[in-house]
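Step one of this worksheet: look at the structure below.
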Amino acid sequence: MLEARGLTKRYQTITAVNNVSFEIKPGEILGYLGPNGSGKSTTINMVVGLLEPSEGSMSLLGHRLAADPDAYKRRIGYVPEEPHLYTHLSAPEYLSLVGGLRSMRNPALAEKIEKLLRLFGLWDSRYLAMSGFSKGMRQRALLSAALLHNPDLLVLDEPFSGLDVSAGLLFRTLLRLFVRDGQMILFSSHRLDVVEQICGRVVILRQGRIVAVEEIDRLRGARATSPLEEVFARVTLQEDYTSVAEQILEVIRS
Amino acid sequence: MIDPRLSALTRHFFHSFFRLSFLDDAGEESFKRGLIGVLAVIIAFGLLLGRIYMAKYAMLSSLRTPAPFQLMLPADQLLMLSLPMFFVAFVMALVSHSVFPDETDYWILMGLPVPRWIVFAAKVAALFLFTTVFIAAANVGIGVPFTFVTSGRWSGHSFVVRLAIQLVSGTLASTFTVACIIAIEGLIVVLTPRPWLPRVSVVMQTMLIAGLVLSLPIINRMPAFGEYISTKPRALFLAPPMWFVGLQQWLLGSDDPFFSRLALSALAGTLAFAALGAGCYLIVYRRFDKVILRTAGGRPPWSVNVRIPWPFRRHPAHDAVQGFTSATLRRSGLHQLVFFGLLTIGVALAATSAFGNAGDRERSFIAALLQVPLTLIAAAVIGLRAALLLPTNLRASWIFGITEDQATRRHQLEAVRHLFVGLGVMLPVALAAPVYVGMLGARTALTCLPVVVLLGWIFVEIAIGRWRRIPFTCTVLFGKRPPAYTVLLAFLAFGVFGTVGTLFIIIARSGWRSWLVIMAILVTIIAVLRWQRLQTWGRLGLEFEDYLPDRIETLGL
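Note that the protein sequences, when read in sequence, are chains A and B.
Everything in the first sequence is counted per this note's numbering, starting at 13 for the first residue and increasing by one.
Everything in the second sequence is counted per this note's numbering, starting at 872 for the first residue and increasing by one.
In C-alpha cells, the structure reads:
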C-alpha cells in the first residue's frame, strides 16, 4: 500500500500543496485530478521522491521514503507529464541506461528491452535518436522505461498525451491488467473520460488541498447523476465555462 | 518603415546567439555576464599590449634612422590584425551552427504569416549586429592603443589617419574571417547528406577551434617576423592575415608592389568568401524545406555503439553511466568542443615548449620533451572535467534522481573515474608515446611512460576527489568564481604538475633503483589519495544543482 500523510510543500510564502493525505491499496488505480496549478505535479514529484516535502510522510509497502529512500524508490516506475528524456539516445540506449541504473543485468535486460520495444511498436525505430520521435513514440519509450523493472507502484502523469487511438487503447488495457496482481497505479490526468474508465477512486485537488476523495461511482451518486466532468467542475469551483468562452470571443473580436 | 516582424525576429535571432539551450536561467545569466567579461578582457588586453609596446616604439622612434622602425612595424601590424581575426573567428566558430536558419526556425516560423525573406533577412541582420559587436570591440580594443604607442617621428602620418587605416584594415580582416566561417558552414549545410549534417557540422566546429588554438604559438611568435617579412617571401601569400598587412601598408601609402599584391589578395579573398557565403544563403533560401529538413528514416551514422570489452564483471549502474557518458560525448558538439578545445591548448603548449627549447642546451630540450605527456594530461583532465560539468537536456536528468541509490552510487562514480583515466591519462600517453619513442628512444619510453601514467593517475585523483555528479546532469553557473582565480588555478595546476612531474621522470630515468623508488612513492601517493576519496565517494548524495561558493551548507540536523 502507498500511504501519503499530511503532505505539504511550501515555497517561501506560497503553499503549493497543503496537508494532502491519501492511500492506494494493492490492485488499485487511483485517479489524481485537479485544475492547472492545483498542486498535482508537486504532489507527484513528492511521491516519486524528486521533491522533498516541507511536512508529511510517505511510505510504500512499509518502506518510509524519509527513512529508506532507496528501498522506496526501487519500487516505483514513473512517467512524467512532459516526455523529458535524453533525445540524443536511441530507445534501446535509453532503456539500457534506465535498466542499468535499476541494477538490471545483461543479457536478461537486453532481452527484456527488445521484447518491450517490439510490443510497444518502437523496434523498427531502434537506430533513431529519440529527437526524431513523435510525442506518442516518446511517451511509449517512457512507459517502457517505467515498466522495465516491474514496479510495485506506477506513477503516471498525463500518460496518454500524444498517443494515437490504438496506443491509447493498448495503454488502458495494459494498466487494467497491470494492477490485477496487486500492483498499484497513481494516475494523474486531465482526460476525465479515461479516468472514469480505468480508475476505481479519485482524489480531486484544488489550490493545493484535497476537496474530494471518493470512489467514482459514489462521487457521481452523491452529486446526482452528472458525469465526472461536471462533478469535477463543481468541486473545483470552476467558472461558468459558457460565460468565460463568450468573454474570450468578445476579446478576440474586439 | 521597418516591418515590425523583421525587427522582432532580428531581436530574437540576436539574443539566441548568446543563448545556450542547455543552461537553466541562472546559468544563462552567468553566461551573459561571462561574455561581457570577455569583452572587458579584450579591452584590458589591448591596454596591456599598448603598455608592452610603448617602451619598444619609444626606443625605435628615438633612433636616428627609420629602418629599424620600418622593419619592426609590419610584424607588429601582423600581430595586431591577427589577434582580432583570431578572436572573431573563435566567437564565430562557437556560434557557427546557428548562422543559418535551421529546422526549428522552419517548423516554428513557416507556420506563421511570416514570409521566408523576412526570416532570412532577420537572420542576416542579427548576424551582422552580433559580429559587429565583436569586430568593433576587438579592433577598437586592440587597434587604438597600438596606433597610439606607434606614434613617433618615423610613423609618417597623423594619429587620426593611421587609426582610421588600422580600423579599416582590421575590420576588413575580421570581416574576411566571418565570411570564411559562413562559407564553410554554408557548404556543409548545402552539400552534406541530411543524416550526416549534425556530425559533420560538429566535427568542422571542433576542427576550427582546434586549428585556432594551434595557431596561438604562431601568433605568439609574430613580433619576431620582421626580418622574414622584409625578405618578401611568396609563402606569405598563403597567410591571410598578411594580406591585410599589405592592405594596411598600401593604404598608408607604400608603393611596394609586394604589399599591393597582398592588398589585392585581401580584397579578392574577402569578396570571394563573402560571395560563397551569400551563394549558400541563397541556395538555402530558395530550397529551405529541402535543404533544412532531415529525412526521418534510415540508419544514422552513429548507430554502431563502440564499447571497449572488459574482461571483469562490472555493476550494471557502472555500464549505464559509462554508456550514457560516452554516447553523449560522441554526439554532442558542445562537449566535444570543450574537451578537444582544451586538449588542443595542451598540444599547442607542449609544442611551443618543445620547439621553444629546441635550440637550447640538450638538457633543457630533453626536459621539455619529457614534459610533453604531462602537459597533455593536465589539459585533457581539465578539458574533460569542464566538458562533463556542462549539462545536456537538464529536464531529462530526473531519471538519475529517481533511481539514485546508495548501493549503486559508487559504481556510477567509478564509471566517471574510469573515463578520466581513459581519456585524461591513457589518451594523452598514447599521443605522446610516439614522441618519446622517436625523440628519446624506445628504452626511455618504456622507463618513463609508466611513471607518466602514475603521475596522471594522481592528477585524476586530485581532480575528482570531491566529484559527486553524474556527467551532464547538474546545472552550471559560469563565473561562479572570479575568472582570474580560475585561470590562476589552472596555470598553477599546469605549472606544479608539469614541473614536479618532470622532476620525477628525470629522477626515474637515472637508474633502475631510482625508478623503483619513484614508482613506490607515486603508488603510495595514489593509495593515500584513493583512501581519502573513498571516505566520501558514493556516501553523500549526488549533486544536481550547481552552487555559488558562498552558499551556506546547513547541517541538516
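Just so you know, even glycine gets a beta-carbon here, dropped at the ideal spot from N, CA and C.
Next on the checklist: Taking the beta carbon of residue 256 of chain A as the centre, do at least 16 other beta carbons fall within 10 Å, making it buried, or is it exposed?
Outcome noted: Counting from 1 along the first sequence, the entry for residue 256 of chain A is found at position 244. Exposed, by the Cβ-count rule.
Item to check | Proximal residues to residue 1259 of chain B (C-beta, below 6 Å), its chain only, five neighbours per side dropped | outcome: What you label residue 1259 of chain B is simply residue 388 of the second sequence in a count that begins at 1. Closer than 6 Å at the Cβ level, and outside the excluded window around residue 1259 of chain B, lie 1342.
Item to check | residue 886 of chain B burial status per 10 Å Cβ neighbour count (16 or more: buried) | outcome: Residue 886 of chain B sits at position 15 when you count from the first residue of the second sequence. The residue is exposed, with fewer than 16 neighbouring Cβ atoms inside 10 Å.
Checklist entry - Hey, does residue 1076 of chain B have any beta-carbon neighbour from chain A nearer than 7 Å? => result Walking along the second sequence from the start, residue 1076 of chain B turns up at place 205. Interface criterion not met: the Cβ of residue 1076 of chain B is under 7 Å from no Cβ in chain A.
Item to check | Reference residue 1220 of chain B; option with closest CA among B:1366, B:951, B:889 and B:1055 | outcome: Position 349 of the second sequence, counting from 1, holds the residue named residue 1220 of chain B. Residue B:1366 is the option with its Cα nearest to residue 1220 of chain B.
Checklist entry - Looking only at its own chain, which residues have a Cβ that is under 8 Å from the Cβ of residue 163 of chain A, when we skip the five neighbours before and after it? => result For the purposes of this step, residue 163 of chain A is identified with residue 151 of the first sequence, where counting begins at 1. Only 87, 88, 89 and 195 meet the Cβ criterion.
Checklist entry - Under 8 Å Cβ-Cβ, which residues of chain A neighbour residue 1271 of chain B? => result Taking the second sequence and counting its residues from 1, the one referred to as residue 1271 of chain B is at position 400. Within chain A, the residues near residue 1271 of chain B are 113.
Checklist entry - What residues in the segment 147 to 172 of chain A have a beta carbon less than 8 Å from any beta carbon of chain B? => result Taking 8 Å as the Cβ-Cβ cut-off, the segment 147 to 172 of chain A approaches chain B at 157, given in chain order.
Checklist entry - What is the DSSP secondary structure of residue 976 of chain B, counted as helix, strand or coil? => result Here residue 976 of chain B is taken as the residue at index 105 of the second sequence, counted from 1. Residue 976 of chain B: helix per DSSP, three-state reduction.
Item to check | Inter-residue CB distance, residue 1097 of chain B and residue 1020 of chain B (contact presumed, cutoff 8 Å) | outcome: For the purposes of this step, residue 1097 of chain B is identified with residue 226 of the second sequence, where counting begins at 1. For the purposes of this step, residue 1020 of chain B is identified with residue 149 of the second sequence, where counting begins at 1. That pair is no contact at about 16 Å.
Next on the checklist: Helix, strand or coil, according to DSSP, for residue 879 of chain B in the structure here?
Outcome noted: As a first step, residue 879 of chain B is located in the second sequence; it is residue number 8 there, counting from the start. Reduced to three states, the DSSP call for residue 879 of chain B is helix.
Checklist entry - Residues bridged to residue 169 of chain A by DSSP? => result Walking along the first sequence from the start, residue 169 of chain A turns up at place 157. DSSP, once it has assigned bridges, lists A:200 as partnering residue 169 of chain A.
Checklist entry - If you run the structure through DSSP and keep just helix, strand and coil, what is residue 1226 of chain B? => result The sequence position of residue 1226 of chain B within the second sequence is 355, counting from 1. DSSP, reduced to helix, strand and coil, places residue 1226 of chain B within a helical segment of the structure shown.
Next on the checklist: Can you check which of these residues, A:102, A:28 and A:160, is closest to residue 64 of chain A by C-alpha distance?
Outcome noted: Position 52 of the first sequence, counted from the start, is the residue given in the question as residue 64 of chain A. Distances from the alpha-carbon of residue 64 of chain A to those of A:102, A:28 and A:160 put A:28 closest.
Checklist entry - Using a beta-carbon distance below 7 Å, is residue 198 of chain A in contact with chain B? => result In the first sequence, the residue the question calls residue 198 of chain A occupies position 186. False, the Cβ-Cβ gap to chain B never drops below 7 Å.
Checklist entry - For the segment 1190 to 1217 of chain B, which residues have a beta carbon sitting closer than 7 Å to at least one beta carbon of chain A? => result Residues are counted here when their Cβ sits less than 7 Å from a Cβ of chain A; for the segment 1190 to 1217 of chain B these are 1190, 1191, 1194, 1195, 1198, 1199, 1202 and 1203, given in chain order.
Checklist entry - At a cut-off of 6 Å, is residue 915 of chain B close to the ligand HEM when judged by its beta-carbon and the heavy atoms of the ligand? => result In the structure shown, the ligand HEM is absent, as is every other ligand, since no ligand is present at all.
Checklist entry - In chain A, what lies closer than 7 Å to residue 1258 of chain B by C-beta? => result Indexing the second sequence from 1 puts residue 1258 of chain B at position 387. Within 7 Å Cβ-Cβ: nothing; residue 1258 of chain B doesn't reach chain A, min ~15 Å.
Next on the checklist: Suppose contacts are defined by Cβ-Cβ distances below 7 Å. Is residue 888 of chain B in contact with residue 1004 of chain B by that definition?
Outcome noted: Working through the second sequence from its first residue, we reach residue 888 of chain B at position 17. Working through the second sequence from its first residue, we reach residue 1004 of chain B at position 133. No Cβ-Cβ contact shorter than 7 Å links residue 888 of chain B with residue 1004 of chain B.
Checklist entry - When the Cα atoms are used, what is the spatial distance from residue 1338 of chain B to residue 1248 of chain B? => result Here residue 1338 of chain B corresponds to residue number 467 of the second sequence, with the count starting at 1. Here residue 1248 of chain B corresponds to residue number 377 of the second sequence, with the count starting at 1. Roughly 18 Å between the two C-alpha positions.
Next on the checklist: Can you pull the chain B neighbours of residue 92 of chain A, defined as C-beta to C-beta under 8 Å?
Outcome noted: Here residue 92 of chain A refers to the residue found at position 80 when the first sequence is read from its first residue. Going along chain B in sequence order, the residues near residue 92 of chain A (Cβ under 8 Å) are 1269.
Next on the checklist: I'd like to know if residue 59 of chain A contacts chain B, where contact means its C-beta is closer than 7 Å to some C-beta of that chain.
Outcome noted: Working through the first sequence from its first residue, we reach residue 59 of chain A at position 47. With a threshold of 7 Å between beta carbons, residue 59 of chain A makes no contact with chain B.
Checklist entry - Are at least three pairs of beta-carbons, each pair with one atom in the segment 984 to 997 of chain B and one in the segment 1072 to 1083 of chain B, less than 8 Å apart? => result The segment 984 to 997 of chain B and the segment 1072 to 1083 of chain B do not touch, with fewer than 3 CB-CB distances between them shorter than 8 Å.
Next on the checklist: Rounded to whole angstroms, what is the Cα-Cα separation between residue 1168 of chain B and residue 140 of chain A?
Outcome noted: Numbered from its first residue, the second sequence carries residue 1168 of chain B at position 297. Numbered from its first residue, the first sequence carries residue 140 of chain A at position 128. The predicted model places residue 1168 of chain B with a pLDDT of 47, which falls under 50 and marks its position as unreliable, so this point remains unresolved.
Item to check | Short CB-CB distance (under 7 Å) between residue 70 of chain A and chain B | outcome: In the first sequence, the residue the question calls residue 70 of chain A occupies position 58. Chain B contact via Cβ: absent.
Checklist entry - Are the beta-carbon atoms belonging to residue 1250 of chain B and residue 1302 of chain B less than 7 Å from one another? => result As a working mapping, residue 1250 of chain B is identified with position 379 in the second sequence. As a working mapping, residue 1302 of chain B is identified with position 431 in the second sequence. In this structure, residue 1302 of chain B does not lie closer than 7 Å to residue 1250 of chain B by Cβ.
Checklist entry - What number of angstroms, rounded off, separates the C-alpha of residue 110 of chain A from the C-alpha of residue 157 of chain A? => result In the first sequence, residue 110 of chain A corresponds to position 98, counting from 1. In the first sequence, residue 157 of chain A corresponds to position 145, counting from 1. When rounded, the distance between both Cα atoms is 7 Å.
Checklist entry - Can you round the beta-carbon distance between residue 1261 of chain B and residue 1192 of chain B to whole angstroms, since I take them to be within the 8 Å contact cut? => result For this step, residue 1261 of chain B is matched to residue 390 along the second sequence. For this step, residue 1192 of chain B is matched to residue 321 along the second sequence. At roughly 16 Å, the Cβ-Cβ gap does not stay under 8 Å, so residue 1261 of chain B and residue 1192 of chain B are not in contact.
Checklist entry - Can you give the Cα-Cα distance for residue 181 of chain A and residue 38 of chain A, rounded to whole angstroms? => result Here the question's residue 181 of chain A lines up with position 169 in the first sequence. Here the question's residue 38 of chain A lines up with position 26 in the first sequence. Computed Cα separation, rounded: 23 Å.
Next on the checklist: Taking CB distances under 7 Å as the criterion, tell me whether residue 116 of chain A reaches chain C.
Outcome noted: In the structure shown, chain C cannot be found, because the protein chains are A and B.
Item to check | For residue 1287 of chain B and residue 1328 of chain B, believed in contact at Cβ under 8 Å, the rounded distance | outcome: Within the second sequence, residue 1328 of chain B is the residue found at index 457, counting from 1. Within the second sequence, residue 1287 of chain B is the residue found at index 416, counting from 1. 15 Å between Cβ atoms; not a contact.
Checklist entry - Could one say the Cβ of residue 1167 of chain B lies closer than 7 Å to chain A's Cβ atoms, at least one of them? => result Working through the second sequence from its first residue, we reach residue 1167 of chain B at position 296. With a pLDDT of 45 at residue 1167 of chain B, under the threshold of 50, the modelled position of that residue is not reliable, and the figure given next carries that caveat. Cβ-Cβ to chain A under 7 Å: yes for residue 1167 of chain B.
Next on the checklist: Threshold first: 3 residues or longer. Then list the beta strand (DSSP E) segments lying entirely within the segment 44 to 101 of chain A, N to C.
Outcome noted: Complete beta strand (DSSP E) runs here, min 3: 67 to 72 and 88 to 91.
Next on the checklist: Is the beta carbon of residue 1125 of chain B closer than 7 Å to that of residue 1023 of chain B?
Outcome noted: Working through the second sequence from its first residue, we reach residue 1023 of chain B at position 152. Working through the second sequence from its first residue, we reach residue 1125 of chain B at position 254. In this structure, residue 1125 of chain B does not lie closer than 7 Å to residue 1023 of chain B by Cβ.
Checklist entry - Quick one: complete alpha helix (DSSP H) runs, 4+ long, within the segment 919 to 1001 of chain B? => result Runs of the alpha helix (DSSP H) inside the segment 919 to 1001 of chain B: 938 to 966 and 974 to 980.
Checklist entry - Counting contacts by CB-CB distance shorter than 7 Å, is residue 109 of chain A in contact with chain B? => result By 1-based counting over the first sequence, the position of residue 109 of chain A is 97. Closer than 7 Å to some Cβ of chain B, the Cβ of residue 109 of chain A qualifies, so yes.
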